[in-house]
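Sequences listed follow chains U and R, in order. If you read the first sequence in our numbering, its first letter stands for residue 50, the second for the next number, and so on. If you read the second sequence in our numbering, its first letter stands for residue 928, the second for the next number, and so on. The beta-carbon is built from N, C-alpha and C at its ideal position, and this holds for glycine as well. In this text, all values refer to a predicted model and were calculated from it rather than measured experimentally.
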Amino acid sequence: DTGVSQDPRHKITKRGQNVTFRCDPISEHNRLYWYRQTLGQGPEFLTYFQNEAQLEKSRLLSDRFSAERPKGSFSTLEIQRTEQGDSAMYLCASSFEGYGYTFGSGTRLTVV
Amino acid sequence: DAKTTQPTSMDCAEGRAANLPCNHSTISGNEYVYWYRQIHSQGPQYIIHGLKNNETNEMASLIITEDRKSSTLILPHATLRDTAVYYCIVRSNSGNTPLVFGKGTRLSVIA
Chain U
50 DTGVSQDPRH KITKRGQNVT FRCDPISEHN RLYWYRQTLG QGPEFLTYFQ
100 NEAQLEKSRL LSDRFSAERP KGSFSTLEIQ RTEQGDSAMY LCASSFEGYG
150 YTFGSGTRLT VV
Chain R
928 DAKTTQPTSM DCAEGRAANL PCNHSTISGN EYVYWYRQIH SQGPQYIIHG
978 LKNNETNEMA SLIITEDRKS STLILPHATL RDTAVYYCIV RSNSGNTPLV
1028 FGKGTRLSVI A
């Protein structure tokens, strides 16, 4: 297993466009997390899944954001009608029952 | 909100020990202290965690005070590759609470 993979590594999009990011967790891990990180700040929790169920969502996750984890494997994070304030690094992590967090290298989104 | 307080930045000479402090005065009895670090353009990486006893692994040592209100992460022989942001996190060991990150300490190891 090569760890947590995120795709793409970088994304530049125009304001108002929709974007989708993908995360492939460690195969034995049943939990998957999404975080957002802006410059100079620590990662901020967005949401997490246990298997295919979305168990918790942060108030940071506006209605323009949606995450899915079909079949409890990979996950996607979609942002609709992107705004400049959405520019950030989006990090994915996985764990087994909340232990052994492993983070991916992130997707850097730039909204122009 | 993060339950920890860390200095914004620190410098350390290469080859010397780096001692990174963390205050967590409101820690409760079932909460562990975790340390992660984030090297530029990468995701956070687990370093070590502990409850009340001192812990050591191949990366670092964790010293927790007897009252558990503060701790120190020690990198015994810092190298340039240890330059990173270090996060101290207090978390229940139930596993159900996602990791909550503060701003961390930016450690610069200087040749």
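Proximal residues of chain U, C-beta to C-beta of residue i below 7 angstroms
i: R:Y973; result: Y150
i: R:Q969; result: S154
i: R:G1031; result: G91
Boundaries of the beta strand (DSSP E) in which residue i is found, first to last residue
i: R:H976; result: Q972 to G977
i: U:L126; result: S124 to I128
i: R:R1033; result: T1032 to I1037
i: U:S54; result: S54 to D56
i: U:S115; result: F114 to E117
i: U:T62; result: H59 to T62
i: R:F1028; result: R:F1028 -> no beta strand (DSSP E), and no H or E assigned at all.
C-beta contact flag for residue i and residue j at 8 angstroms
i: R:N950; j: R:T932; result: yes
i: R:V1036; j: R:I991; result: no
i: R:L1026; j: R:R1018; result: yes
i: U:G147; j: U:R80; result: yes
i: R:D1009; j: R:L1034; result: yes
i: R:N957; j: R:N1023; result: no
i: U:K60; j: U:T156; result: yes
i: U:R64; j: U:Q129; result: no
i: U:T159; j: U:R71; result: no
i: R:G1031; j: U:G89; result: no
i: R:G970; j: U:L95; result: no
Partner residues on chain R for residue i, Cβ-Cβ distance less than 9 angstroms
i: U:Y82; result: P1025 and L1026
i: U:Y97; result: P1025
Neighbour list for residue i in chain R, Cβ cutoff strictly below 8 angstroms
i: U:E146; result: G1022
i: U:L140; result: G970 and P971
i: U:E105; result: P1025
Paired residues, beta bridge with residue i - DSSP
i: U:A137; result: U:L158
i: R:T935; result: Partner(s): none; R:T935 has no beta bridge.
i: U:Y150; result: U:Y150 pairs with nothing; no bridge assigned.
i: U:E132; result: Paired residues: none, contrary to the question.
i: U:K120; result: U:K120 is not bridged to any residue.
Listed by chain order, chain U residues near residue i by CB distance under 9 angstroms
i: R:Y1014; result: G91 and P92
What runs of the alpha helix (DSSP H), each 4 residues or longer, lie entirely inside the stretch 67-103 of chain U? The stretch 67-103 of chain U contains no whole alpha helix (DSSP H) run of 4 or more residues.
Completely contained alpha helix (DSSP H) runs for the stretch 943-1020 of chain R, where each covers 4 or more residues: Whole alpha helix (DSSP H) segments, 4+ residues: zero.
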